[in-house]
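Each residue of the sequence shown is one higher than the one before, starting from 40 at the first, in the numbering used here.
For glycine and all other residues, C-beta sits at the position ideal for the given N, C-alpha and C.
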Amino acid sequence: MSTAKTTSAHADRLAQVRERIARACRDSGRDPAGVRLLAVSKGQPLDALRALAVAGQRRFGESYVQEAMTKIRALDCPDCEWHFIGPLQSNKAALVAENFDWVHSIDRVRIATALSRHRAPDAPPLQVCLQVNISGETSKSGVDVAGLPALAEQVAVLPGLRLRGLMAIPRPTDNSTAQRDAFRQLRVACEELRRRGHDLDTLSMGMSDDLEAAIAEGSTLVRVGTALFGPRPLSG
Ligand SMILES: *Cc1c(COP(=O)(O)O)cnc(C)c1O
């Protein structure tokens, strides 16, 4: 496929996803400016990221540290924003703290402390979300709702980090009521933390197959991979 064709295919899909977001916002009476689009580029080749960047996308999400490092360096896009959304090991925390703008997947204080320690004092704070395992999820990642207030208190005071909100990856389902139930749990958990005094503005929820339900429940950032890039050729 020529670069020109790749570029226009990605521009088309970007326009389609933006239209889905705009429609979902209209349906729930929300301002589309309140929903940011994160292009989840894990498993995608550099050319695909470049094509999307040419089409105007600036926010990219990656799940594997080494793969991300190669792309961040090669894309060389100073005004791009890099979000780490995958499971994070302490031994990779330095690379993430030094090279990313956001981390969505904090689920224990040990990881947050490692990120805080490695964030350069003269860099802007690393923007972080706590990953929540809302009920019924099969994944082992994420703090459960009961453990959320304690984790939020510990993370909020760490230097070099700014706690922005919550993230979840609910169990996939094509039942839109079940999708909304799960996203509502995350919204309610976020409201509870606000009542406890946390200044949170981010609900990172919604992917290719459920972004409409997430927006209806208050998502401020949707993480979209397949609908923007097509199937992932490199890895899961
Ligand atoms: C892969 C991934 C996505 C994107 O999923 P799609 O279904 O391809 O849109 C979003 N969030 C996280 C945390 C992911 O790992």
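Counting along the chain, where does the alpha helix (DSSP H) carrying V182 start and finish? The sequence position of residue 182 within the sequence shown is 143, counting from 1. Careful: V182 lies outside any alpha helix (DSSP H) and carries neither H nor E.
For a test of the three-state rule: what should DSSP assign to M108, helix, strand or coil? Here residue 108 corresponds to residue number 69 of the sequence shown, with the count starting at 1. M108 falls in the helix class under three-state DSSP.
Rounded to whole angstroms, what's the CA-CA distance from G82 to P272? Just pull it up for me. As a position in the sequence shown, residue 82 is number 43, starting the count at 1. As a position in the sequence shown, residue 272 is number 233, starting the count at 1. Using only the alpha carbons, I get a separation of about 6 Å.
Quickly, what does DSSP pair A78 with across the bridge? List them, please. Here residue 78 corresponds to residue number 39 of the sequence shown, with the count starting at 1. DSSP output for A78 lists F99, V263 as bridge partner(s).
Should the stretch 260–267 be regarded as contacting the stretch 45–64, the criterion being three or more beta carbon pairs within less than 8 Å? yes
Take R235 as the anchor and find which of Q166, L187, A63 has the nearest alpha-carbon. As a position in the sequence shown, residue 235 is number 196, starting the count at 1. When only C-alpha atoms are compared, the closest one is L187.
Use the C-beta contact count for T109: other C-beta atoms within 10 angstroms, 16 or more gives buried, fewer gives exposed. Against the sequence shown, residue 109 aligns to sequence position 70. So T109 ends up on the exposed side.
Would you kindly work out how many angstroms separate the C-alpha atoms of E102 and Q128, rounded to a whole number? The sequence position of residue 102 within the sequence shown is 63, counting from 1. The sequence position of residue 128 within the sequence shown is 89, counting from 1. Strictly speaking, residue 102 in this sequence is Ser, with Glu absent from that position. Cα-Cα distance, rounded: 12 Å.
S47 to A90, Cα distance in whole Å? Mapped onto the sequence shown, residue 47 falls at position 8. Mapped onto the sequence shown, residue 90 falls at position 51. Using only the alpha carbons, I get a separation of about 8 Å.
Any non-hydrogen atom of ligand 1 closer than 8 Å to V263 Cβ: If you number the sequence shown from 1, residue 263 lands on position 224. V263: yes, Cβ under 8 Å from ligand 1.
Answer yes or no: do L197 and T241 have a C-beta to C-beta separation smaller than 9 Å? Along the sequence shown, one-based indexing puts residue 197 at 158. Along the sequence shown, one-based indexing puts residue 241 at 202. No.
Please confirm whether L205 and Q170 have their CB atoms less than 9 Å apart. Position 166 of the sequence shown, counting from 1, holds the residue named residue 205. Position 131 of the sequence shown, counting from 1, holds the residue named residue 170. In this structure, Q170 lies closer than 9 Å to L205 by Cβ.
Identify the continuous alpha helix (DSSP H) that holds F222 and give its terminal residues. Here the question's residue 222 lines up with position 183 in the sequence shown. It spans 215–234 - the alpha helix (DSSP H) in which F222 sits, taken as one unbroken run.
From which residue to which residue does the alpha helix (DSSP H) around L85 run? Looking up residue 85 in the sequence shown gives position 46. Here the alpha helix (DSSP H) through L85 covers 85–93.
Just to confirm, are V74 and S215 a CB contact at a threshold of 9 Å? Looking up residue 74 in the sequence shown gives position 35. Looking up residue 215 in the sequence shown gives position 176. Going by C-beta atoms, V74 is not nearer than 9 Å to S215.
Measure from the alpha carbon of A159 to the alpha carbon of each residue in L200, N172, I145, E192, then state which is nearest. As a position in the sequence shown, residue 159 is number 120, starting the count at 1. For A159, the nearest C-alpha among the options comes from L200.
Measure the C-alpha to C-alpha separation of A136 and Q55 and round it to an integer number of angstroms. Residue 136 sits at position 97 when you count from the first residue of the sequence shown. Residue 55 sits at position 16 when you count from the first residue of the sequence shown. Computed Cα separation, rounded: 33 Å.
Helix, strand or coil at C116 [DSSP, three-state]: For the purposes of this step, residue 116 is taken as the residue at position 77 of the sequence shown. In this structure, C116 counts as coil in the three-state DSSP scheme.
Determine the extent of the alpha helix (DSSP H) in which V196 is found, giving its start and end residues. The count along the sequence shown starts at 1 and reaches residue 196 at position 157. Taken as a continuous stretch (DSSP letters only), V196 belongs to no alpha helix (DSSP H), as it is neither H nor E.
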